[in-house]
Amino acid sequence: MFYFGVDYYPEQWPAERWPEDARLMAEAGLNVVRLAEFAWSRMEPQEEVYDFDWLDRAISILASRGLHVVLGTPTASPPPWLMAQDPALFRVREDGQRVTFGNRRTYCPNNPLYHQATRRIVAALAEHYASHPAVIGWQIDNEFGERCYCPLCARAFQDWLQQRYGSLDALNQRWGTVFWSHTYSDWGEIPVPLATGSSPNPGLALDFFRFCSDSYVAYQQVQVNVLRDRCPTHWITHNLMGFGYDRINYFDLARDLDLVAWDNYPRGYWDMQADVDASRAALSCDAMRGLKDQNFWVMEQQAGPSGWETVSVAPRPGELRLWAYQAIAHGADGIVFFRWRTARFGTEQYWHGLLDHHGHPGRRYAEIKRMGAELEQIGERIHGSHVAPAVAMLLSYDSRFAFQVQANNPQFTYSAHFHHVYRALYERHVPVDVVAPTADLAAYRLVFAPALHVLSEEVAENLRRFVQAGGVLVVTPRTGVKDEDNAVVELPLPGLLAGLSGAEVEEYDSLPPGAYNELEFVLPELAMTPPARASVWCDVLKPSSATVVAHYTQDYNAGQPAITLNRSGQGQVVTIGTFSDADLYRALAPWLLDLAGAQPILTTQAEVEVTERWQGQRRLLFVLNHTDHAQEVALDRGTINLLDGSAPLTGTVTLAPRDTLVLETQ
Ligand code: GLA
Ligand code: ZN
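The opening residue of the sequence shown carries number 4 in the working numbering; numbering runs sequentially from there.
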């Protein structure tokens, strides 16, 4: 069965309405609801006084309509009576200010009193629902995030450092605290990098960001332990925030979960674009799938205009269904819409659900009902199928954190650079896995390592192994610059990869906004490619064994190598010396794919997204029209159309605006 549902807040509506909600959900083909993740003050109105009656009643009404339940633990939003107990429960921001009651996510993840209160409410909830037949799994907390700079965290950070370094001598040496006379003589002297302290030691700052990430991983583990103990038959997840969220190492966070889920909002109110960039959600799906190398759920899928103080562009007819199919096309095994009905009260009055405030079904409900009926037909065929790319991109949280400390160039962000590379592959219909730099790369032909800034010997060895065995590796600027302590390596760049790359960075130039150099491709295969621009950063490369692919044409580095290609073992390494923008990677993509022998799924226009899911030799092909006009797509083999009663389909097909085809190869 394919899980298809909504996030539902019965506590925000009169109980008389619940049966009607359950009926409408069932009629739309929904089969799962997520409940209770913001209902702590309803479940524990006073300390250690529990009330689950209302939730029991809501669940039995939902269950009577065949709906399964995912229960949220309510710790993202503690009740006022708890937060009134001690000001130290509140998180401290980077500017040194303690947050106050008002929103949510206000707690310090290292506060022992908060841990205690957490264990109590999670245990009470878990014991109550451990054997409830409707409950299938748990979501812990809600969208972990936000670093805490409080004195408690400062102490915990010092302990964390002691574990990591063993001795102060080691720490002083590895951070290079001799610089500016920062040599520590007691663990208690080590600060957290508050903004008031200004530009910190990069070693300290990277470790603090790692520590903050570990703090949420550890806090999550507190809940995992309670749930595993009480509810051994239930699965456990958390709702992550996709590729874009960069303050927690999601590989670490996912390790202790059974299942990764994430929240997908293509039309945000913070981003009033008329057109949705569909490659963003695609990248997030791939990144979330890569965390455990397994299929995922979308625990919050956009259901209407989003909004807190202002309101986003309304999802166009067809978009809700299109975005949900897009997630499925990238490996979702469950889609849960946020939220069922738009709240009348609270900060999220304008975050629209499937139903508007008035509660009557309208256009968006009808669209989801259509999809519900479709999934009843095809859910079985999708179940158990997997995405199997030959191309991977390496996502390094250490590098990402290090760039948060030092951006290198004010125009550079790791996330945007990563997206530029991804987009070139996405537009060519090349499926991509996003994996950790330490992942086993044996299954891939082509691996991109964008700005792999912090590079360990272990990762360098992993890349060498991949290339020796015949893989094609692509690296971009600022790779191999830092060791694991965020100190600059004592090697010519790209540091530990210089041998593999067959080229060294002779010097580099950080470009001002708007400035660019031009590239001329000199490798015969690329000679006809129109010149692309170099911007943001230019490495001047000096080949040792590599051949020159492109050189700069302007400024003082005119004629100098900008891109090189090196053969090593059975494989090859492409070293790109400039960050540039998506156009450069668009220009290089066909050549790189050729070099690696990696094939697009289909050759068709960029606005039509194409993905595939496999079950053995059975191939499901998803074709998604992200535009508001019809698109023609030439299929390269015979298929059957699963959304049309398995009618055969060959040749050129026309996709209606924002329509999706789910095809099976004959
Ligand atoms: C996030 C949260 C939800 C809700 C939505 C809308 O994704 O997980 O609880 O707040 O945003 O703001
Ligand atoms: Zn804290």
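Virtual Cβ for every residue (Gly too), placed ideally from N, Cα, C.
For C153, the shortest C-beta to heavy atom distance toward the ligand ZN is below 6 Å. When the beta-carbon positions are compared, V424 and Y588 come within less than 7 Å of each other. For G69, the secondary structure class from DSSP, reduced to helix, strand or coil, is coil.
C541 has D512 and T581 as its beta-bridge partners, per DSSP.
Note on geometry: alpha-carbon atoms of V508 and T567 lie some 11 Å from one another. Under DSSP, I566 shares a beta bridge with A553 and I579. Per the C-alpha coordinates, the member of L466, A221 and S399 positioned closest to C111 is A221.
Secondary structure of Y12 (DSSP, three-state): coil.
DSSP places L476 in the uninterrupted beta strand (DSSP E) bounded by V475 to V478. Here H131 has F55 as same chain residues with Cβ atoms under 6 Å from its own Cβ, once five neighbours each way along the sequence are excluded.
Taking D210 as reference, the option from A454, D584 and A405 with the minimal CA-CA separation is A405. The region 471-479 makes contact with the region 561-578: 3 or more CB pairs, one atom from each, lie closer than 8 Å. Taking the C-beta atoms as reference points, F7 is found nearer than 7 Å to G375. A Cβ-Cβ separation of about 6 Å places R250 in contact with G148 under the 8 Å criterion. Relative to the non-hydrogen atoms of the ligand GLA, the Cβ of W354 comes within a distance shorter than 6 Å of at least one. By the 16-neighbour rule on beta-carbons within 10 angstroms, D144 is buried. Spanning the alpha carbons of N560 and V543 requires a straight line of approximately 7 Å.
Shortest gap from the CB of C215 to any heavy atom of the ligand ZN: 6 Å or more.
Using a C-beta cut-off of 8 Å, the region 56-66 makes no contact with the region 83-103, since fewer than three inter-stretch Cβ pairs fall below that distance.
Judged by their CB atoms, V435 and V394 are nearer to each other than the 7 Å cut-off.
No residue range can be given for L357, since it is assigned to no alpha helix (DSSP H) and is classified by DSSP as neither H nor E.
Burial check for Q620: the Cβ neighbour count within 10 Å stays below 16, so the residue is exposed. Here the C-alpha atom of A281 lies approximately 9 Å from the C-alpha atom of E612. Taking the Cβ of D274 as the reference point, every heavy atom of the ligand GLA lies at 6 Å or farther away. Taking a contact as a CB-CB distance under 8 Å, the pair T607 and H333 does not count as one, their CB atoms being some 18 Å apart. Straight-line measurement puts the Cα of L449 at about 22 Å from the Cα of A530. Counting the other Cβ atoms within 10 Å of the Cβ of Q142 gives 16 or more, which makes it buried. V484 is positioned such that its CB atom lies no closer than 7 Å to that of F451. The criterion of a C-beta distance shorter than 7 Å is not satisfied by M244 and E312. Between the alpha carbons of E47 and T109 lies a distance of about 18 Å.
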